[in-house]
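Down below is the structure, laid out as structure tokens.
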Amino acid sequence: MTLVTESRKPARPAPGSGPGRRAPDHGAWFLVLPALIPILVLSVGPLLYGILLAFTDAQSGRTEPTRWIGTLNFQDLLHDTLFWESFRIGLVWAAGVTVPQFLLALGLALLLNQNLRLRWLARALAIIPWAMPEVVVGVMWRLVYNTDAGILNETLRDLGLGGGHDWLSGLGTALPAVIVVGVWAGMPQTTVALLAGLQNTPRELHEAAAVDGAGAWRRFRTVTWPALRPIALSITALNLIWNFNSFALVYVLTNGGPGGRTRLPMLFAYEEAFRYGQFGYAAAMGCVMVAVISIVLAVFLAGRLRSGSTGGDEA
Amino acid sequence: MRTSTTARAGQYAALLAYLVFLAFPFLWLISTAFKPARELGSLHPTWIPRDPTLDNFRQAFDEQPLLQAALNSLAAALGAAVIAVLVATPMAYVMARRRGRLGRAVTGWVVVSQAFPFVLLIIPLFLVLKNLGLINSVPGLVMVYVVWSLPFALWMLTGYVRAVPAELEEAAAVDGAGRLRTLVSVTAPLLAPGIVATALFAFITAWNEFFFALILLKTPERQTLPVILTHFIGAEGVADLGPLAAAAFLATLPSLVIFALIQRRITGGMLAGAVKS
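Sequences listed follow chains A and B, in order.
Anchor point for the first sequence: position 163 equals 176 in this note's numbering, and the numbering is continuous, going up by one each time.
Anchor point for the second sequence: position 96 equals 82 in this note's numbering, and the numbering is continuous, going up by one each time.
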């Protein structure tokens, strides 16, 4: 991922170079272990364990020993129409949140990069969605969407556009309603990342293009975008992953309802594992989710590499 | 660059729209928190409560063990932040100062770990913690939070370490300071602000976290604030709006205050770790 740009500083002599160099190497291990052990024990290990679980019939609170069942979970999953429906909703949600999130964040970043008054206020307000617990974001929007006491319906009533909509429990409105919340909640991070990219674009190039008579759109396309592209792609890839894996927002807003219309794959797997105790089956769902995310990312990043030679890829 | 007046007006209009979009839900939360029950039951709610009251706050504390939940959240977040920084700083130092295979492997892991859905992680963790008797306990949750906040902590701290010129350390070494001495008296003071910012960020992340807490904490007296908040919403999805808003507002305040303090450093740290190194 581009965010991980290794610096290319010229090699410098390491401290204490020469014969005394052996000793610090042991020191390095000593420094690394405190973080490495938890990562291995509580992150790498459990993930491998989780993948193994997908090939077993592990259940919660069962006394008989867990058995290997090969790919039976995956075969069942293949015919589980509820899961694939949830999967489809997950993809709609992920794309429906990520795309507007990016466009809105780009707009805001471009504005914040201008010399406008009230910029400080926008920066301050952008903190709110970022810093808030996701549960509170969900609670807050429940209040906004509330049928009687919500501000959304009241505003619609004031504008004479009707009202009395039950946004979060209407079959047609629930998914769009939660997508709006997803966009709102994720916008700040994206904005900050894009703003950072904008502040790295060469100002002289911009001015030169303006002198040459290039309009705002042309300047954006030829100067700003090439410089912004690597960051834009990285943050979008991350957003796509995060959104596809999101849980708390929708859990609080609708808990998957009405009639499963907002049941994201994470909610589905959570219920399977911790309500019905089907650990093995839920782990298989997790594996499928990882596989699909990897494919989507591979396609996304391959597309990026193909058209990546237009220059400006140096962050 | 000169911009025409109409373009400027358009920019301000757009900025205003953003401000409204970003701010209104939070203002509505505050407004709801101070409204008496009778106003919340009536049609035509107003932005400013007609009859502002603190009843919702009192009722929120009566209905749910908010104080205990806040203490649990504090313990979990504090434990996670301190431990995460303690274990991440040395590793970040190594990753920043020498580019070996290990550094690349860890960086790769940081990226890859973002892609795994938490279900795949939480089921085995749940089984492991259950065997260790650490389900429904704050220490168990702290362990999970430490690992969970490590990727970002490593990321930020590596950037901060790179910002400390290695030449300073070399100079100290030339002056005869030992390696440990150099780290403690030269590097650490310069790194301190970055370490504090990282710790605060880990604190907020843990304070806000919901998914792991929901699964690992079973009884109300052990649960953290985000989990307790969901208890205000009944099984049928019907919520007691006033107390819910009041509790949600209180639960957010620490995050907002801390985040406001460190926001510049966070964005700075992200940049230092990422864009330009």
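Just so you know, even glycine gets a beta-carbon here, dropped at the ideal spot from N, CA and C.
- Secondary structure at B/Ala225: strand, using DSSP grouped into helix, strand and coil.
- With fewer than 16 other Cβ atoms from the protein chains shown falling within 10 Å of its own Cβ, B/Gly164 counts as exposed.
- Here the stretch 159 to 178 of chain A makes no contact with the stretch 266 to 280 of chain A; the two share fewer than three CB pairs at distances below 8 Å.
- Within the model, the alpha-carbon separation for A/Leu44 versus B/Ala178 is close to 17 Å.
- Annotation for B/Tyr146: the continuous alpha helix (DSSP H) segment containing it runs 124 to 149.
- Taking all protein chains shown into account, B/Ser28 has fewer than 16 neighbouring C-beta atoms within 10 Å of its C-beta and is therefore exposed.
- Residue environment for B/Lys204: exposed (fewer than 16 other C-beta atoms within 10 angstroms of its C-beta).
- B/Ala234 is positioned such that its CB atom lies closer than 8 Å to that of B/Leu215.
- Scanning chain A for C-beta atoms nearer than 8 Å to the C-beta of B/Tyr79 yields Leu44, reported in chain order.
- When the Cα atoms are used, A/Ala122 and A/Thr204 turn out to be separated by approximately 5 Å.
- If you draw a straight line from the Cα of B/Ala82 to the Cα of A/Val57, it is about 22 Å long.
- Taken in chain order, the members of the stretch 213 to 233 of chain B whose beta-carbon sits within less than 9 Å of a beta-carbon on chain A are Val213, Leu215, Thr216, Phe218, Ile219, Gly223, Ala225, Leu227, Leu230, Ala231, Ala233.
- Rounded to the nearest whole angstrom, the C-alpha separation of B/Val96 and B/Val133 is 11 Å.
- If one requires a minimum length of 4 residues, the alpha helix (DSSP H) runs lying completely within the stretch 198 to 283 of chain A are 216 to 224, 229 to 232, 238 to 257, 261 to 266, in chain order.
- With contacts defined as CB atoms closer than 8 Å, A/Pro113 and B/Leu107 fail to qualify as a contacting pair.
- Just so you know, the alpha carbons of A/Leu90 and A/Phe260 end up roughly 21 Å apart.
- Scanning chain A for C-beta atoms nearer than 7 Å to the C-beta of B/Ser99 yields Ser56, reported in chain order.
- Listed along the chain, the chain A residues whose CB falls inside 7 Å of the CB of B/Asn42 amount to none; the nearest CB is some 12 Å away.
- The beta carbon of A/Cys300 lies closer than 7 Å to those of Ile64, Ala67 in the same chain, with the five residues before and after it left out.
- Per DSSP, the beta bridge partners of A/Thr69 are A/Trp81.
- Collapsing the DSSP output to three states places A/Ile306 in a helix.
- Residues of chain A whose Cβ lies closer than 7 Å to the Cβ of B/Gln249 are, in chain order, Ile140.
- A/Asn86 is positioned such that its CB atom lies no closer than 8 Å to that of A/Gly290.
- With a cutoff of 8 Å on beta-carbon distance, A/Val148 and A/Val194 are scored as not near each other.
- At a cut-off of 8 Å between beta carbons, A/Asn252 makes no contact with chain B.
- When secondary structure is reduced to three states using DSSP, B/Ile219 falls in the strand class.
- Ranked by Cα distance from B/Val114, the first of A/Thr79, A/Tyr62, A/Leu218 is A/Tyr62.
- A direct Cα-to-Cα measurement between B/Leu120 and A/Met298 gives close to 26 Å.
- Rounded to the nearest angstrom, the Cβ distance from B/Thr184 to B/Leu143 is 6 Å, consistent with a contact under 8 Å.
- When C-beta atoms of the stretch 20 to 36 of chain B are compared with those of the stretch 135 to 144 of chain A, fewer than three pairs fall below 8 Å, so the two segments do not count as touching.
- Counting of Cβ neighbours within 10 angstroms places B/Asn42 among the buried residues, the total reaching 16 or more.
- For B/Thr18, the nearest beta carbon of chain A is closer than 8 Å to its own beta carbon.
- Taking one beta carbon from each stretch, the stretch 235 to 251 of chain A and the stretch 204 to 223 of chain A have 3 or more pairs nearer than 8 Å; the two touch.
- About 43 Å separates the beta carbons of B/Met77 and A/Leu156, which is beyond the 8 Å limit, so they are not a contact pair.
- Annotation for A/Trp154: the continuous alpha helix (DSSP H) segment containing it runs 147 to 158.
- A check of alpha carbon separations from A/Leu314 across A/Leu253, A/Phe287, A/Thr267, A/Gly270 identifies A/Leu253 as the nearest.
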